[in-house]
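So the structure is just underneath, and the comments pick up after that.
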Amino acid sequence: MDRHYAKICDGRDFDEPLFRERAAHLRPDLDLSWQLDRKTWELTMLSLFLEEAGLLDGASRILSVGAGREAILFWLAPRVGRMVATDVYGTGEFAGYDAPVQMLTDPAALSPYDHDLGNLEVRVADARRLDDFDDGCFDGVFSLSSIEHFGGPADVARAAAEMGRVLRPGGYAYIATELSLARPPAPRRAARSVVRRASRGRFGKREVFTPAELQRDVIAPTGLELMQELDTSVPTASLGNLAVRRFGRWLRTPTGDFHPHFAIRVAGETFTSVGLPLRKP
């Protein structure tokens, strides 16, 4: 592939004209002169990856796991043959904004675009058990910043294996998740785990992977090939406006605004998005 997709979020990607143009198309609600963030980076990388893989052909069968209400679902619908969005809609801690039950009843009302969504199917499914889908029935599979919320290492591995199972031989997958850039010392990690168990908030339950955990719990269980060497070098551009969450609240950033936003520090751990381009042999 011409572009390097196996990498951590790099704010410099927005300086490239093609990348910025695609980002603007995907996120018409943002002013990209300053509202740059890692979620938009994930969406843009995914769309460019699927395009380079030849899957935006109006015929490909695409599955999103832990899909929520991501803008990319609505953007892809008219560009592929079948766009299937799966999540535990209407249940769990993300049932409000991220995975609303409205996706099952009126997804068009949540779309930021004014085009037909006829190819979009929305299903309730547990990522660890994609029982409604046969082996090898999709040409492409993706999951954006969701797999870290699926439970412990065994749950994550089971979901990763399911993504690999439903992908056809020669098919492509893209998984974006969260990679640790700086992990606190062991005593602080132990204290943080206690907070996680006691917390009912979104950030208290967040899972963040080290490179070794990413290989063990996400990449290896898929049974897929990582298409490129994973670049885990930390670009300075991604740390320039670090968002820090402490004691349940966001602290003031260097710019005084949440944007540009590429990395977060929670409970002493700094992390950002990482993208994994995969292919089934």
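So the sequence shown is numbered by our numbering: it starts at 1 and just counts up by one. Just so it is clear, CB atoms sit at the ideal spot from N, CA and C, and this is done for glycine as well.
Just how far apart, CA to CA, sit residue i and residue j?
{"i": "residue 139", "j": "residue 262", "result": "30 Å"}
{"i": "residue 100", "j": "residue 106", "result": "10 Å"}
{"i": "residue 254", "j": "residue 115", "result": "39 Å"}
{"i": "residue 189", "j": "residue 213", "result": "With a pLDDT of 47 at residue 189, under the threshold of 50, the modelled position of that residue is not reliable, and no figure is offered here."}
{"i": "residue 21", "j": "residue 248", "result": "35 Å"}
{"i": "residue 104", "j": "residue 122", "result": "6 Å"}
{"i": "residue 167", "j": "residue 256", "result": "44 Å"}
{"i": "residue 293", "j": "residue 52", "result": "Residue 293 cannot be examined here, being either before or after the span of the chain that is shown, 1 to 281."}
{"i": "residue 143", "j": "residue 57", "result": "20 Å"}
{"i": "residue 81", "j": "residue 119", "result": "6 Å"}
{"i": "residue 183", "j": "residue 211", "result": "12 Å"}
{"i": "residue 79", "j": "residue 59", "result": "8 Å"}
Please classify residue i: is it buried, with 16 or more other beta-carbons within 10 angstroms of its beta-carbon, or exposed?
{"i": "residue 207", "result": "buried"}
{"i": "residue 229", "result": "exposed"}
{"i": "residue 271", "result": "buried"}
{"i": "residue 68", "result": "buried"}
{"i": "residue 260", "result": "buried"}
{"i": "residue 236", "result": "exposed"}
{"i": "residue 49", "result": "buried"}
{"i": "residue 91", "result": "exposed"}
{"i": "residue 31", "result": "exposed"}
{"i": "residue 281", "result": "exposed"}
{"i": "residue 233", "result": "exposed"}
Please name the residue or residues paired with residue i in a DSSP beta bridge.
{"i": "residue 262", "result": "BP columns for residue 262 are empty, so no partner."}
{"i": "residue 219", "result": "Looking at the DSSP assignment, residue 219 forms no beta bridge with any residue, so it has no partner."}
{"i": "residue 120", "result": "83"}
{"i": "residue 275", "result": "7, 176"}
{"i": "residue 231", "result": "7"}
{"i": "residue 129", "result": "126"}
Under 6 Å Cβ to Cβ from residue i, same chain only, skipping five residues before and after it: list those, please.
{"i": "residue 43", "result": "26, 72"}
{"i": "residue 244", "result": "251, 265"}
{"i": "residue 113", "result": "74"}
{"i": "residue 201", "result": "Only weak support exists for where residue 201 lies, its pLDDT of 36 falling under 50; the coordinates are left without a value."}
{"i": "residue 98", "result": "68"}
{"i": "residue 9", "result": "38, 41, 238, 262, 272, 273"}
For residue i, which residues from the same chain have a beta carbon less than 7 Å from its beta carbon, with the 5 sequence-adjacent residues on both sides left out?
{"i": "residue 12", "result": "235, 237"}
Cβ contact (3+ pairs, closer than 8 Å) linking the segment 21-38 and the segment 61-68: no
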